[in-house]
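The structure appears right after this line, and notes come after that.
There are 2 protein chains.
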Amino acid sequence: MNPDALDATFAALADPTRRAILARLRSGEATVTELAAPFAMSQPAISKHLKVLERAGLVSRGRDAQRRPCRLEPAALKAATDWLADYREFWEVRYQGLDSLLHDIQSLGGDER
Amino acid sequence: MNPDALDATFAALADPTRRAILARLRSGEATVTELAAPFAMSQPAISKHLKVLERAGLVSRGRDAQRRPCRLEPAALKAATDWLADYREFWEVRYQGLDSLLHDIQSLGGDER
DNA sequence: TAGTTAAATAACCACTTAGTTTTATACACG
DNA sequence: CGTGTATAAAACTAAGTGGTTATTTAACTA
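The listed protein sequences correspond, in order, to chains A and B.
Letter 6 of the first sequence, counting from 1, is numbered 6 in full-length UniProt numbering, and no numbers are missing.
Letter 30 of the second sequence, counting from 1, is numbered 30 in full-length UniProt numbering, and no numbers are missing.
Quick look at the structure:
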């Protein structure tokens, strides 16, 4: 994956308001005002957050009269997860206290990822 | 997980230099100068990046005479992955074009996570 | 046409970030 | 002791972020 895209994705996730917006979008499309409602924050602030999420590829938007419904776009989330997956075996091994076996396991290529 | 901790973790990951440092640390401990070597950047800049990674709980540091060896601390990476895992089933379903089944699957709680 | 609603844009502010250079600290070695 | 080495800290700068209020655009409604 393009490093700039990962930058944008992780940066977008590094904000609790934006993570809450994504969580909300898991249960379906929502308009900007619907998304803004739970927050003690102005509408333009939410629009800015949405622009960040859109630029990161995490949401996309449609058109319904005046409304611009947002929906979750999970591909970028998958890309971030894929990046993190490269570390998964590391911490799993480490949690078993088997650091010394890490390289053996890696060279065998024997996990299910 | 504490939201501030997730903030710090994702923010730390949103920088290619820091991700490269983490990748380097996968193959074992390294000193600040060793970590700085591949980058066209001053030593204090790397020290700052390491402080960000340390504050995010992604690395910890020891002491060996003048050296402050850094090692990967995978717990924070695991926490970030766990957060993203809540979205995994969503995109997996979506990729199969089975959006309409998402809520059924969720309410059954029937995946292996 | 005028009024209302939904959202974006503009202009601004305080704070943070990522880098710099310079200086200081801590330790090892002769 | 003084010198080199490894790292951190200080002070600064340019650019980015996250919020505000006020304004504008676009579309529906009466």
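Glycine included, every Cβ here is placed at the ideal spot set by N, Cα and C.
Bear in mind the structure is a predicted one, so any value in this text is a computation, not a measurement.
Sequence-distant residues of the same chain with beta carbon closer than 7 Å to residue i, five excluded per side
i        : result
A/Pro-16 : none
B/Arg-26 : Leu-72
B/Asp-4  : none
Bridge partner(s) assigned by DSSP for residue i
i        : result
B/Ser-60 : B/Arg-71
A/Ala-30 : A/Cys-70
Neighbourhood of residue i by C-beta distance below 8 Å, restricted to the same chain and skipping five residues each side
i        : result
B/Trp-91 : none
B/Leu-6  : Ala-79, Ala-80, Trp-83
A/Ala-20 : Pro-38, Phe-39
A/Ser-60 : Glu-54, Cys-70, Arg-71, Glu-73
Distance between beta carbons of residue j and residue i, contact taken as under 8 Å
i        : j        : result
B/Arg-71 : B/Glu-29 : 5 Å
Distance CB(residue i)-CB(residue j) smaller than 8 Å
i                      : j        : result
B/Ala-23               : B/Ala-56 : no
B/Leu-58               : B/Ala-76 : yes
residue 116 of chain A : A/Arg-18 : The question about residue 116 of chain A has no answer, for chain A in this structure spans 1 to 113.
A/Ala-14               : B/Ala-14 : yes
B/Phe-10               : A/Phe-10 : yes
Cβ-based neighbour list, residue i, same chain, cut-off 6 Å, excluding 5 preceding and 5 following
i        : result
A/Ala-36 : Gln-43, Ile-46
A/Gly-62 : Pro-69
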